[in-house]
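Notes follow once the structure below has been shown.
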Amino acid sequence: MTVSLDWENLGFSYMKLPYRYLATYKDGKWQEGGLTEDATLHLSESSPALHYGQQAFEGLKAYRTKDGSIQLFRPDQNAERLQRTADRLLMPQVPTDMFVEACKAVARANSDYVPPYGTGGTLYLRPLLIGVGDIIGVKPADEYIFTIFAMPVGNYFKGGLAPTNFLIQDQYDRAAPHGTGAAKVGGNYAASLLPGQYAKKQGFSDVIYLDPATHTKIEEVGSANFFGITKNNEFVTPISPSILPSITKYSLLYLADHRLGMKAIEREVLVDDLAEFVEAGACGTAAVISPIGGVQHGDDFHVFYSETEVGPVTRKLYEELTGIQFGDIEAPEGWIVKVDEN
Ligand code: PLP
Ligand code: COI
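With the first letter of the sequence shown counted as 1, position 192 gets the number 192 in UniProt numbering; the numbers rise by one all the way through.
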């Protein structure tokens, strides 16, 4: 470890690290990619990514384990989601091997910035795929850039494993019923900026969106999926074609079922039935598991477990998930990819 940072209090901010990966797609194929120290992208002013949002991104983390090694959590799942997003936006797929090897290369090259074990910090990797080139009509690009940059991060929401409050939004949607909600594209986040800013100004951590067709069902948080725990020890998470299929959420569904003896269910969650949940949380790569204390919906304020205490099931899920990610608890097969340092 040669750099010295306040590892326990990193927050979630951009930091320019020494190395990033970059590959270009030209003439119908990916060209040989590699690491670069140049943190600036060079692209045509008419690139479709800039005008028509032909772009996609991902988010995953590298973890420092107790023995000092570095590992990734389910990077193949991020590769596959990026492939599904690429299909939706008519972009070329990044092959899984290329994606995973590039993640490893970025983590390895910036290993001095992978926070020490026990600080709670991680190295956040941000893969980005953009359509570039001289095109002005509304059509897909012929050329693409795939890059992965990284930065050390701490908590996304205030306090980490501490309850915070969220605002249920009836006025704005982040995605259309048959739009791009299930794809990880910048446009969904552009649509969430205004309602997100409003919620934060009111003191909430983020917005919880409702289904865009009827506004009767919980969809997801602006930056994470939603889950609730019923009094019958069920782990419930909304099913909908317009939410982002969270890798953390699917991991928790598996762990709740296989490790914690719970019933794990994906189903519709009615906003009028929130009282069925004794605990609730937001889950995602950046959010990890962030307990939801209370939710404001119109004039109603509903508290799940407590505004100040973490519920016991949420805590157990957090310990199981992060125990696996940091290498303290045995992972289900294929979930952990080691980054060899040499
Ligand atoms: N939902 C949204 C809108 C997100 O931005 C994210 C973050 O990636 C998630 C859910 C969680 O997905 P994952 O667990 O794959 O990080
Ligand atoms: C993530 O958790 O990786 C995200 O993409 C969420 C947010 C930072 C947009």
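For each residue, glycine too, the CB sits at the ideal point set by N, CA and C.
Between Ala287 and the ligand COI, is there a pair consisting of the residue's CB and a ligand heavy atom that are separated by less than 7 Å?
At least one heavy atom of the ligand COI is nearer than 7 Å to the Cβ of Ala287, so yes.
My output table needs one value for Met15: the three-state DSSP class, helix, strand or coil.
In the displayed model, Met15 falls within coil according to three-state DSSP, outside both helix and strand.
CB of Ser223 to nearest heavy atom of the ligand COI: below 7 Å?
Ser223 Cβ: within cutoff of the ligand COI.
Work out the CA separation of Asp134 and Tyr254 for me, nearest whole Å.
Taking C-alpha positions only, Tyr254 is separated from Asp134 by approximately 45 Å.
From this set, Tyr25, Gln77, Gly11, Trp30, which residue's C-alpha is nearest residue 359's C-alpha?
It is not possible to answer for residue 359, since the shown part of the chain is limited to 1 through 342.
Just checking Gly284 against the ligand COI - is the residue's beta carbon closer than 7 Å to any of the ligand's heavy atoms?
Gly284: yes, Cβ under 7 Å from the ligand COI.
How should Gly159 be labelled, buried or exposed, when 16 other C-beta atoms within 10 angstroms of its C-beta is the threshold for buried?
Exposed, since its Cβ has fewer than 16 Cβ neighbours within 10 Å.
Identify which residue in Lys338, Val236, Asp87, Phe226 has its Cα closest to the Cα of Val288.
Looking from the CA of Val288, the closest CA among Lys338, Val236, Asp87, Phe226 belongs to Phe226.
To the nearest angstrom, report how far apart Asp2 and Ala62 are at their CA atoms.
The sequence shown places Thr at residue 2, rather than the Asp named in the question. Counting only the Cα atoms, Ala62 lies some 18 Å from Thr2.
When the distance is taken between beta carbons, is Leu270 closer than 8 Å to Thr216?
Yes, these two residues count as a Cβ contact at 8 Å.
If we ignore side chains and look at the alpha-carbon of each, how far apart do Gly68 and Ala141 end up?
A direct Cα-to-Cα measurement between Gly68 and Ala141 gives close to 42 Å.
Is Leu128 a contact residue of the ligand PLP, with contact defined as CB to any heavy atom under 7 Å?
Incorrect: Leu128 has no Cβ contact closer than 7 Å to the ligand PLP.
Under the assumption that Glu196 contacts Tyr209 (Cβ atoms under 8 Å), give the Cβ distance between them as a whole number of angstroms.
The sequence given here places Gly at residue 196; Glu does not occur at that position. That belief does not hold up - the Cβ atoms of Gly196 and Tyr209 are roughly 10 Å apart, past 8 Å.
Of the listed residues Ser46, Glu309, Arg315, nearest to Gly294 (C-alpha basis)
Per the Cα distances, Glu309.
Is any non-hydrogen atom of the ligand PLP found closer than 7 Å to the C-beta of Lys139, if you look at the structure I gave you?
No, the ligand PLP has no heavy atom inside 7 Å of this Cβ.
Is Tyr21 near Thr147, with beta carbons less than 8 Å apart?
Yes. Within cutoff.
What runs of the alpha helix (DSSP H), each 4 residues or longer, lie entirely inside the stretch 70-98?
If only complete runs of 4 or more residues are kept, the stretch 70-98 shows the alpha helix (DSSP H) at 75-88, in order along the chain.
Are at least three pairs of beta-carbons, each pair with one atom in the stretch 79-88 and one in the stretch 177-185, less than 8 Å apart?
A contact exists between the stretch 79-88 and the stretch 177-185.
Grab me the residues of Asn110's own chain with a C-beta within less than 8 Å of its C-beta, minus the 5 sequence neighbours each way, in chain order.
The answer, listed in chain order, is Leu17, Pro18, Tyr19, Leu123, Ala150.
Return yes when the C-beta of Tyr189 is under 7 Å from any heavy atom of the ligand COI, and no when it is not.
Yes, the beta carbon of Tyr189 sits closer than 7 Å to at least one heavy atom of the ligand COI.
In this structure, does DSSP put Gly228 in helix, strand or coil?
Reduced to three states, the DSSP call for Gly228 is strand.
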